[in-house]
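Chemist:
Number of protein chains: 4
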Amino acid sequence: MSPVATTLKPRKSPVQARSTATIDALHVAAIQVLTREGLGRCTTTRIAERAGMSVGSLYQYYPNRDALLAAVLEQHLDRITSAVERACSAQRGEPVSRMATALVTAFLAEKLRDSRESKALYAVAEQRGGARFVARMYARTVTAVATMLAEASDARFEDPTMTATIALGAMVGPIRTLLEGHAPAGYEACLKDQLIVLLTAFFQATR
Amino acid sequence: MSPVATTLKPRKSPVQARSTATIDALHVAAIQVLTREGLGRCTTTRIAERAGMSVGSLYQYYPNRDALLAAVLEQHLDRITSAVERACSAQRGEPVSRMATALVTAFLAEKLRDSRESKALYAVAEQRGGARFVARMYARTVTAVATMLAEASDARFEDPTMTATIALGAMVGPIRTLLEGHAPAGYEACLKDQLIVLLTAFFQATR
Amino acid sequence: MSPVATTLKPRKSPVQARSTATIDALHVAAIQVLTREGLGRCTTTRIAERAGMSVGSLYQYYPNRDALLAAVLEQHLDRITSAVERACSAQRGEPVSRMATALVTAFLAEKLRDSRESKALYAVAEQRGGARFVARMYARTVTAVATMLAEASDARFEDPTMTATIALGAMVGPIRTLLEGHAPAGYEACLKDQLIVLLTAFFQATR
Amino acid sequence: MSPVATTLKPRKSPVQARSTATIDALHVAAIQVLTREGLGRCTTTRIAERAGMSVGSLYQYYPNRDALLAAVLEQHLDRITSAVERACSAQRGEPVSRMATALVTAFLAEKLRDSRESKALYAVAEQRGGARFVARMYARTVTAVATMLAEASDARFEDPTMTATIALGAMVGPIRTLLEGHAPAGYEACLKDQLIVLLTAFFQATR
DNA sequence: CATGAATGAGTCTTCATTCAT
DNA sequence: GATGAATGAAGACTCATTCAT
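In order, the protein sequences belong to chains A, B, C and D. With the first letter of the first sequence counted as 1, position 34 gets the number 34 in the working numbering; the numbers rise by one all the way through. Take any residue in the second sequence, count from 1 to its spot, add 1000: that is its number in the working numbering. Take any residue in the third sequence, count from 1 to its spot, add 2000: that is its number in the working numbering. Take any residue in the fourth sequence, count from 1 to its spot, add 3000: that is its number in the working numbering.
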């Protein structure tokens, strides 16, 4: 939408007390508007309105629309990434089947915690500004998974980073199918088990 | 941006040769503008200009901007889906490993034929109108894959549709990683083999 | 007003017929708004409105507000500069008193042809974008005057450019006093004679 | 920008020392912002920030932005005018050549004391509110010069006010050329002498 | 039929001013 | 008195769509 996002960093935040609440209200409002109206209709005015404040206030905290959306995306991605990192570092030395289970469980739990939000943010991630955060999150997640895989008790991976990248994509793909509403009936119910089977089989075939 | 896409169908069916050529020029132009400028800057005027005609003429063929973009997306998806359908129907009765190979080969070839285009269209697919076409393509592809799987010579799937859906997502995920530029060096070179390993392992684990 | 004027060049003008009329209407409207409301209130909407068209049309001809104002300024300055150039080249070989008379006469006639316009444009000239045109006009005028002075029949100037620059400033100053309304009663009536005396005396004192 | 400058007078007279200091800080800050950012970016918030206080405090001293800028302009103009008045009243009874020298010397010294400031304030003077102060300053200066001229030892002026007005404009013009950056190399170095020659010649030609 | 100028609603963003703390 | 967050009107600019030529 905006050709060149000048700055995506939040503005020097005012005092603090009201700030945190206001920023949170903006994030929530942004996700709601994104969810209900779509990225195209997700305007600064509408976000501010739903957050119960004036546009001017929005600009007190973010230098432009993209910066706000980027912040929302970053928060979302960071939450998920952190959960995966935690899950991965807890599985070192375990067999790959447990790794697959832990990875899928952690990722799925976070991603589906608010599936409306997850879905709405895909559009933001597609944007110029969003790609940067996705890239960073991907890098962190791949590192976490690769590190975990390198210490599997029952496998030796030639190129853990490559395996981790493929595995991650293979896990995200079917989840996206669900979020975007292209899944058949009963899909969600067995998604977790299927993903575990998928990743376990892949890890064992690659080792 | 676009208020409410009233109709997404082309205004006149391309019966005449000139119409077909014109529509094609519009599609090509739309993809170029999308690719070079992004969805936000992909305006009707710019598309018409690059297609060598006036905006007025564009509206002779499509009732609005979204209809044009939807048509471009549909064409793209249809090409890929058809290729997959062909590949799948040719593998009936084969073992799952050959099925996986054929599926990955066909899909990858089409998707990477013009990766710029594929990537640019993700943004269109994300839009209101786009989801419908993606859904339809997903359905067709899943059906094709499920039908193929049901006749595998070395496997018996409990729920071929479910397996096909997961497999499809698992294949698309890593490809998307590549298209969106989040892949590490050397990724593209081994993507095909990795995907074949992935699907084969999954099919064999599920049978 | 605008921190960095990206482009001040008019847009690729459409056909021509209507164009010329439209552009002219814009110039006239801009001067009227500038005159009646001041630079601060000289908005694109108001200009378009007074020109009897929509904002969109304004932007069909000029990429931004400053470009329009710059064009108006340039036209104004070019008219005056050209008149001075003509007057100067006609005085070569004459005595300095005739040069002073010709210079003052030509300049004053043009500048006072529409004093409202002349005054209003001072504010535009002050702007980032305007300074460039003023500089260019100054350069042309100084060159014309210096060239003329160098060929005076009754004087030999050590540094004609310097003398021309000072003379020009000395002539413009009192005219500006008039245009800005700081002049006492009867000022305009004798301005021309006073300026001729001023420049003649200066040229004779400097030769 | 500012709707209608209701009042341009400071809200409270600077009786207390602290007030004077505060107002001075505001003036200095205003000039700095004006100089560094231009009139368009010279906002109350920025001025207050640079003055080390809050916007609210700024409004304790001035009813609106224009009042502050007007005060800054007035102070600037008053300083220069006072200097000229002093110089003029010291030259009574002297010959016009000394008068010219004294006038030019005093004016130039004040105007170039901080040329950045002088230049920046031109934009303020152009504004609605500014013209009033310039007019007042012009009147005082003309009076001072005219009074001086009326008592020249070697001349008798028919209309000292007219001569003074022209002389003032003739002196200001070339200085403005310098401040606005349209002057050729070496201009500043000989400006003073040239102006003295100019005014002396004019006075002698007019007497 | 093609053209492309005109339209004007809708976006983002800024900033003077106020007022609760 | 000082503070600075909140306000919202206003401005620049874009672009889908129409319609006179």
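Quick reminder that beta carbons are idealized off the backbone N, C-alpha and C, glycines included.
In the structure shown, what three-state DSSP assignment does residue 3161 of chain D receive?
Modeler: In the fourth sequence, counting from the first residue as 1, residue 3161 of chain D sits at position 161. In the structure shown, residue 3161 of chain D sits in a helix (DSSP, three-state: H, G or I).
Chemist: Enumerate in chain order the residues of its own chain whose CB-to-CB distance from residue 2124 of chain C is below 8 Å, with the five nearest sequence positions on each side excluded.
Modeler: Translated into the one-based positions of the third sequence, residue 2124 of chain C becomes position 124. Excluding sequence neighbours, residue 2124 of chain C sits near 2034, 2039, 2069, 2070, 2072, 2073 and 2130.
Chemist: Can you say whether residue 9 of chain A is buried or exposed, counting buried as having 16 or more other CB atoms within 10 angstroms of its CB?
Modeler: As a first step, residue 9 of chain A must be located in the first sequence, where it is residue number 9. Classification for residue 9 of chain A: exposed.
Chemist: Quick one: which unbroken alpha helix (DSSP H) runs of 4-plus residues sit fully inside the segment 3029-3116 of chain D? Chain order, please.
Modeler: Entirely contained in the segment 3029-3116 of chain D, the alpha helix (DSSP H) runs reaching 4 residues are, in chain order, 3044-3050, 3055-3061, 3065-3089 and 3096-3113.
Chemist: Use the C-beta contact count for residue 2173 of chain C: other C-beta atoms within 10 angstroms, 16 or more gives buried, fewer gives exposed.
Modeler: As a first step, residue 2173 of chain C must be located in the third sequence, where it is residue number 173. Residue 2173 of chain C is buried by the Cβ-count criterion.
Chemist: Evaluate the contact criterion for the segment 3187-3207 of chain D versus the segment 3091-3107 of chain D: three or more CB pairs, one atom per stretch, below 8 Å.
Modeler: Yes: the two stretches touch, three or more of their Cβ pairs being nearer than 8 Å.
Chemist: Nearest chain B C-beta to residue 126 of chain A closer than 7 Å, yes or no?
Modeler: Reading the first sequence from its first residue, position 126 is the one you call residue 126 of chain A. At least one chain B Cβ lies under 7 Å of residue 126 of chain A.
Chemist: Between residue 3034 of chain D and chain C, is any beta-carbon pair separated by less than 7 Å?
Modeler: Counted from its first residue, the fourth sequence places residue 3034 of chain D at position 34. Output row for residue 3034 of chain D: interface = no.
Chemist: Within the chosen definition, does the segment 3177-3192 of chain D reach the segment 2161-2179 of chain C through at least 3 CB pairs nearer than 8 Å?
Modeler: yes
Chemist: Give me the chain A residues within the contact set of residue 1180 of chain B, using Cβ-Cβ distance strictly less than 8 Å, ordered along the chain.
Modeler: Reading the second sequence from its first residue, position 180 is the one you call residue 1180 of chain B. Residues of chain A passing the Cβ test: 131 and 134.
Chemist: Straight-line CA distance for residue 1145 of chain B to residue 1041 of chain B?
Modeler: For the purposes of this step, residue 1145 of chain B is taken as residue 145 along the second sequence, with counting starting at 1. For the purposes of this step, residue 1041 of chain B is taken as residue 41 along the second sequence, with counting starting at 1. About 37 Å.
Chemist: Classify residue 3212 of chain D as buried or exposed, calling it buried when 16 or more other Cβ atoms lie within 10 Å of its own Cβ.
Modeler: Within the shown structure, residues of chain D are numbered from 3001 to 3207, placing residue 3212 of chain D beyond reach of any answer.
Chemist: Which of the three DSSP states, helix, strand or coil, is assigned to residue 3118 of chain D?
Modeler: Translated into positions along the fourth sequence, residue 3118 of chain D becomes position 118. Annotated three-state conformation of residue 3118 of chain D is helix, per DSSP.
Chemist: Which bits of chain D does residue 2099 of chain C rub up against, with CB to CB less than 8 Å?
Modeler: As a position in the third sequence, residue 2099 of chain C is number 99, starting the count at 1. By Cβ distance, chain D contributes nothing, its closest Cβ being about 15 Å from residue 2099 of chain C, past 8 Å.
Chemist: Exposed or buried, what is residue 1193 of chain B when buried is set at 16 or more other beta-carbons lying within 10 Å of its beta-carbon?
Modeler: Counting from 1 along the second sequence, the entry for residue 1193 of chain B is found at position 193. Residue 1193 of chain B counts as exposed, since fewer than 16 other C-beta atoms from the protein chains shown sit within 10 angstroms of its C-beta.
Chemist: I'd like to know whether the C-beta atoms of residue 77 of chain A and residue 157 of chain A end up nearer to each other than 7 Å.
Modeler: The count along the first sequence starts at 1 and reaches residue 77 of chain A at position 77. The count along the first sequence starts at 1 and reaches residue 157 of chain A at position 157. It is not a contact, given that the beta carbons lie outside the stated cut-off.
Chemist: Which chain B residues are close to residue 123 of chain A, counting only those with a beta carbon under 9 Å from its beta carbon?
Modeler: In the first sequence, the residue the question calls residue 123 of chain A occupies position 123. Within chain B, the residues near residue 123 of chain A are 1123, 1126 and 1127.
Chemist: Evaluate residue 1190 of chain B with the Cβ neighbour count: other Cβ atoms within 10 Å of its Cβ, from every protein chain shown; 16 or more gives buried, anything less gives exposed.
Modeler: Position 190 of the second sequence, counted from the start, is the residue given in the question as residue 1190 of chain B. When all chains shown are included, residue 1190 of chain B counts as exposed.
Chemist: Is DSSP giving residue 2207 of chain C helix, strand or coil here?
Modeler: Residue numbering aside, residue 2207 of chain C sits at position 207 when the third sequence is read from its first letter. DSSP places residue 2207 of chain C in coil when its eight states are reduced to three.
Chemist: I'd like to confirm something about residue 1167 of chain B: is its beta-carbon nearer than 6 Å to some heavy atom of the ligand ZN, or not?
Modeler: The ligand ZN is not among the ligands present in this structure, which contains no ligands whatsoever.
Chemist: Note down the Cα distance separating residue 62 of chain A from residue 44 of chain A, rounded to an integer number of angstroms.
Modeler: Translated into positions along the first sequence, residue 62 of chain A becomes position 62. Translated into positions along the first sequence, residue 44 of chain A becomes position 44. Distance between the alpha carbons of residue 62 of chain A and residue 44 of chain A is about 10 Å.
Chemist: So, with DSSP's three-state summary, where would you put residue 2152 of chain C?
Modeler: Here residue 2152 of chain C refers to the residue found at position 152 when the third sequence is read from its first residue. Looking at residue 2152 of chain C - three-state DSSP - the assignment turns out to be coil, as it is neither helix nor strand.
Chemist: Answer yes or no: do residue 2096 of chain C and residue 2139 of chain C have a C-beta to C-beta separation smaller than 7 Å?
Modeler: Here residue 2096 of chain C refers to the residue found at position 96 when the third sequence is read from its first residue. Here residue 2139 of chain C refers to the residue found at position 139 when the third sequence is read from its first residue. It is not a contact, given that the beta carbons lie outside the stated cut-off.
Chemist: Buried or exposed for residue 90 of chain A, please, with buried defined as at least 16 other CB atoms from any protein chain shown within 10 angstroms of its CB.
Modeler: As a first step, residue 90 of chain A is located in the first sequence; it is residue number 90 there, counting from the start. So residue 90 of chain A ends up on the exposed side.
Chemist: Does any C-beta atom of chain B lie closer than 7 Å to the C-beta of residue 144 of chain A?
Modeler: Here residue 144 of chain A refers to the residue found at position 144 when the first sequence is read from its first residue. Not an interface residue.
Chemist: If you reduce the DSSP assignment to three classes, tell me which class residue 3129 of chain D lands in.
Modeler: Working through the fourth sequence from its first residue, we reach residue 3129 of chain D at position 129. It is helical.
Chemist: Going by alpha carbons, who is nearest to residue 108 of chain A out of A:79, A:128, A:136 and A:161?
Modeler: In the first sequence, the residue the question calls residue 108 of chain A occupies position 108. Per the Cα distances, A:79.
Chemist: Determine the contact status of residue 48 of chain A and residue 58 of chain A, defining contact as a CB-CB distance below 7 Å.
Modeler: As a working note, residue 48 of chain A is residue 48 in the first sequence. As a working note, residue 58 of chain A is residue 58 in the first sequence. Contact flag set, yes.
Chemist: Whose C-alpha, out of C:2023, C:2037 and C:2051, is nearest the C-alpha of residue 2029 of chain C?
Modeler: Locating residue 2029 of chain C in the third sequence gives position 29, counting from the first residue. Ranking the options by Cα distance to residue 2029 of chain C, first place goes to C:2051.
Chemist: Around the C-beta of residue 1115 of chain B, are 16 or more other C-beta atoms found within 10 angstroms, so that it is buried, or is it exposed?
Modeler: One-based indexing of the second sequence puts residue 1115 of chain B at position 115. Per the 10 Å Cβ criterion, exposed.
Chemist: Strictly under 7 Å for the Cβ-Cβ distance: is residue 3173 of chain D near chain C by that measure?
Modeler: Numbered from its first residue, the fourth sequence carries residue 3173 of chain D at position 173. Closer than 7 Å to some Cβ of chain C, the Cβ of residue 3173 of chain D qualifies, so yes.
Chemist: Helix, strand or coil for residue 2001 of chain C per DSSP?
Modeler: To locate residue 2001 of chain C, count along the third sequence from 1; it is residue 1. For residue 2001 of chain C, the pLDDT reaches just 36, beneath the cut-off of 50, and the residue's location in the model is therefore unreliable, leaving the point undetermined.
Chemist: Quick check on residue 176 of chain A: buried or exposed, where buried means 16 or more other Cβ atoms within 10 Å of its Cβ?
Modeler: By one-based count along the first sequence, residue 176 of chain A stands at place 176. With 16 or more other Cβ atoms within 10 Å, it is buried.
Chemist: Does the distance from the C-beta atom of residue 1171 of chain B to that of residue 1081 of chain B stay below 7 Å?
Modeler: For the purposes of this step, residue 1171 of chain B is taken as the residue at position 171 of the second sequence. For the purposes of this step, residue 1081 of chain B is taken as the residue at position 81 of the second sequence. The beta carbons of residue 1171 of chain B and residue 1081 of chain B sit no closer together than 7 Å.
Chemist: Tell me which residues of the segment 2146-2162 of chain C have at least one Cβ-Cβ distance to chain D shorter than 8 Å, keeping chain order.
Modeler: Those residues of the segment 2146-2162 of chain C that come within reach of chain D (Cβ to Cβ, closer than 8 Å) are 2161 and 2162.
Chemist: For residue 2021 of chain C, count neighbouring Cβ atoms within 10 angstroms of its own Cβ and tell me buried if that reaches 16, exposed if not.
Modeler: Numbered from 1 along the third sequence, position 21 holds the residue referred to as residue 2021 of chain C. Residue 2021 of chain C should be labelled exposed.
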